[in-house]
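Engineer: Numbering (the working numbering), first residue to last: 18 to 416. Handing you a structure now.
Set out below in structure tokens:
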């Protein structure tokens, strides 16, 4: 499709969807971002929608500055997936037992583990760096010091909202019917606590007093506030990565116990709420991706749809105009409150037909109809990624 430019901005705001289709609140956010003096440019993904603080589906390149709200409160949220040697024929006809086993093995929603994960007791889990990782907790913002026990017990847990664990089948091609495991989660409560504290600090800094939107307050390079945020940010991003690694290892072991013949390809993992140091046109920038994945040349990524429509494994095209990024999913087309007003549990059952999942009032806000069409989203970013595999879930575990 290529991009178009959003009118009325100082820095270029490149849009990979119809600019006139962007909801007015989100368009206003994007124009406010494009007006910030530190912004080199903005790339807007086709799953764009209004978000708290900054727009979901935005990739912002800043010079010597970063906006914590442009990362979001679930620092490091992202996806992991792995292809198995199983095929659809290996799975039981009734998948309810397998779903219950996953829910029993991995705490979901607000649940946490009774005891912290011991990496040495999780077969297949990367063993390096755990002691140093937890040792660095004492360096974090002192206001979260009392949360270490909770952070340890929440490691390897799913959370709620749009987080999920799925068993999927590959669609079409020579590997049609191949089973994949997939999950979506982030830095749990500790990431949220760190993010909210730093956002509050940024809002009080004098250089942010005259911004068009105080939610877009930034930290400036070379300041103690920036140093503190980056220290906590890098740690929270690592927490999110390790959180997904623990869950994926537990899930892979559960499948090994039930299907002894199973083997696995190399797992794929990608953040979609995070910061990275990158260089474009010779300029060093801090790139925030809030609801976007890195899609550098050859990078493998995961773009999920909703709980009834399937997902895509993709390979990045390395498009510099998008800051080598692509969408993080389908993106919401209505708020959670509107979805609950619009749809019933009967609608949920219809839209998730053929998927073993919750179909109760607690997840109506995650109904497929509340999301954009994932196939349309993919069509709008053909110059950003190529499709490696199209997956369709047969089990979906929600928090």
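Glycine included, every Cβ here is placed at the ideal spot set by N, Cα and C. Keep in mind it's a predicted model, so treat the numbers as computed, not measured.
Which word fits residue 373, buried or exposed, when buried means at least 16 other C-beta atoms lie within 10 angstroms of its C-beta?
Structural biologist: So residue 373 ends up on the buried side.
Engineer: Buried or exposed: where does residue 109 fall if 16 or more other Cβ atoms within 10 Å of its Cβ makes it buried?
Structural biologist: Residue 109 is exposed by the Cβ-count criterion.
Engineer: Counting only runs that start and end within the segment 332-390, where is the beta strand (DSSP E) found for 3 or more residues in a row?
Structural biologist: Whole beta strand (DSSP E) segments, 3+ residues: 342-344.
Engineer: Rounding to the nearest angstrom, what Cα-Cα distance links residue 144 and residue 96 in this structure?
Structural biologist: Those two C-alpha atoms are separated by around 20 Å.
Engineer: For residue 310 and residue 32, what's the separation of their Cα atoms in angstroms?
Structural biologist: Using only the alpha carbons, I get a separation of about 16 Å.
Engineer: Where do the N-terminal and C-terminal ends of the beta strand (DSSP E) with residue 290 fall, by residue?
Structural biologist: First-last of the beta strand (DSSP E) with residue 290: 290-297.
Engineer: What is the C-beta distance between residue 177 and residue 256, in whole angstroms, given that I count them as a contact (C-beta under 8 Å)?
Structural biologist: That pair is no contact at about 17 Å.
Engineer: Output needed for residue 341: all residues of its chain with C-beta closer than 7 Å, excluding positions within five of it in sequence on either side, in chain order.
Structural biologist: So the qualifying residues of the chain are 311, 312, 313, 333, 335.
Engineer: Taking Cβ positions, are residue 43 and residue 72 nearer each other than 8 Å?
Structural biologist: Taking 8 Å as the Cβ cut-off, residue 43 and residue 72 qualify as a contacting pair.
Engineer: CB-CB under 6 Å to residue 380, same chain, minus the five flanking residues each way: which ones, in chain order?
Structural biologist: For residue 380, where only same-chain residues beyond five positions count, the Cβ hits under 6 Å are 415.
Engineer: Which residue wins for smallest C-alpha separation from residue 191, given the options 405, 128, 411, 413?
Structural biologist: Cα-wise, what sits closest to residue 191 is 405.
Engineer: In terms of residue numbering, what span does the alpha helix (DSSP H) encompassing residue 284 cover?
Structural biologist: Element bounds for residue 284: n/a, residue is neither H nor E.
Engineer: For residue 413, which residues from the same chain have a beta carbon less than 7 Å from its beta carbon, with the 5 sequence-adjacent residues on both sides left out?
Structural biologist: 181, 183, 324, 372, 374, listed in sequence order.
Engineer: Do residue 92 and residue 204 come within 8 Å of each other at the CB atom, strictly closer than that value?
Structural biologist: Yes, the pair counts as a contact, with Cβ atoms nearer than the cut-off.
Engineer: Could you say which of 130, 395, 261 lies nearest to residue 321 if we only look at CA atoms?
Structural biologist: Minimum Cα distance to residue 321 is reached at 395.
Engineer: Can you tell me which of the three DSSP states residue 118 falls into?
Structural biologist: Helix, per DSSP.
Engineer: Mapping DSSP to helix, strand and coil, what is residue 33?
Structural biologist: Here residue 33 sits in coil by DSSP.
Engineer: Between 226, 306, 287, which has its C-alpha nearest residue 294's C-alpha?
Structural biologist: Here the closest residue by C-alpha is 306.
Engineer: So what does DSSP say about residue 123, is it helix, strand or coil?
Structural biologist: Here residue 123 sits in coil by DSSP.
Engineer: Considering just the uninterrupted stretch of the alpha helix (DSSP H) at residue 250, what are its terminal residues?
Structural biologist: First-last of the alpha helix (DSSP H) with residue 250: 241-275.
Engineer: Under the rule that 16 or more other beta-carbon atoms within 10 Å means buried, what is residue 418, buried or exposed?
Structural biologist: Nothing in the structure corresponds to residue 418, since the chain is present only between 18 and 416.
Engineer: By the three-class DSSP mapping on this structure, what secondary structure does residue 166 have?
Structural biologist: Note: residue 166 maps to helix in three-state DSSP.
Engineer: Compare the C-alpha of residue 272 against each of 186, 59, 115 and name the closest.
Structural biologist: For the residues 186, 59, 115, the minimum Cα distance to residue 272 belongs to 115.
Engineer: Roughly how many whole angstroms lie between the Cα atoms of residue 362 and residue 121?
Structural biologist: Rounded to the nearest angstrom, the two C-alpha atoms are 24 Å apart.
Engineer: Just the C-alpha distance for residue 328 and residue 409, rounded to the nearest angstrom, thanks.
Structural biologist: Distance between the alpha carbons of residue 328 and residue 409 is about 6 Å.
Engineer: Is residue 236 helix, strand or coil when you go by DSSP?
Structural biologist: It is a strand residue.
Engineer: Tell me, which residues are paired with residue 231 by DSSP?
Structural biologist: Answer is none; residue 231 lacks a bridge partner.
Engineer: Rounded to whole angstroms, what is the Cα-Cα separation between residue 223 and residue 47?
Structural biologist: Roughly 23 Å separates the two Cα atoms.
Engineer: Three or more beta-carbon pairs under 8 Å between the segment 264-284 and the segment 53-67, yes or no?
Structural biologist: Contact fails: fewer than three Cβ-Cβ distances are below 8 Å.
Engineer: Which first and last residues belong to the alpha helix (DSSP H) in which residue 212 is found?
Structural biologist: From DSSP, the alpha helix (DSSP H) with residue 212 extends over 205-220.
Engineer: Which two residues bound the contiguous alpha helix (DSSP H) that contains residue 315?
Structural biologist: Where residue 315 is concerned, there is no enclosing alpha helix (DSSP H), given that its DSSP letter is neither H nor E.
Engineer: Just the Cα atoms here: how many angstroms apart are residue 86 and residue 200?
Structural biologist: C-alpha separation (whole angstroms): 24 Å.
Engineer: Shortest alpha-carbon distance to residue 82 belongs to which of 391, 355, 302?
Structural biologist: Taking only the C-alpha atoms, the option nearest residue 82 is 302.
Engineer: Which residues does DSSP pair with residue 409 in a beta bridge?
Structural biologist: DSSP, once it has assigned bridges, lists 186 as partnering residue 409.
Engineer: Where residue 251 and residue 287 are concerned, what is the direct C-alpha to C-alpha distance, given to the nearest angstrom?
Structural biologist: Whole-angstrom Cα-Cα distance: 15 Å.
Engineer: Within 10 angstroms of the Cβ of residue 383, are there 16 or more other Cβ atoms? Answer buried if so, exposed if not.
Structural biologist: Residue 383 comes out buried.
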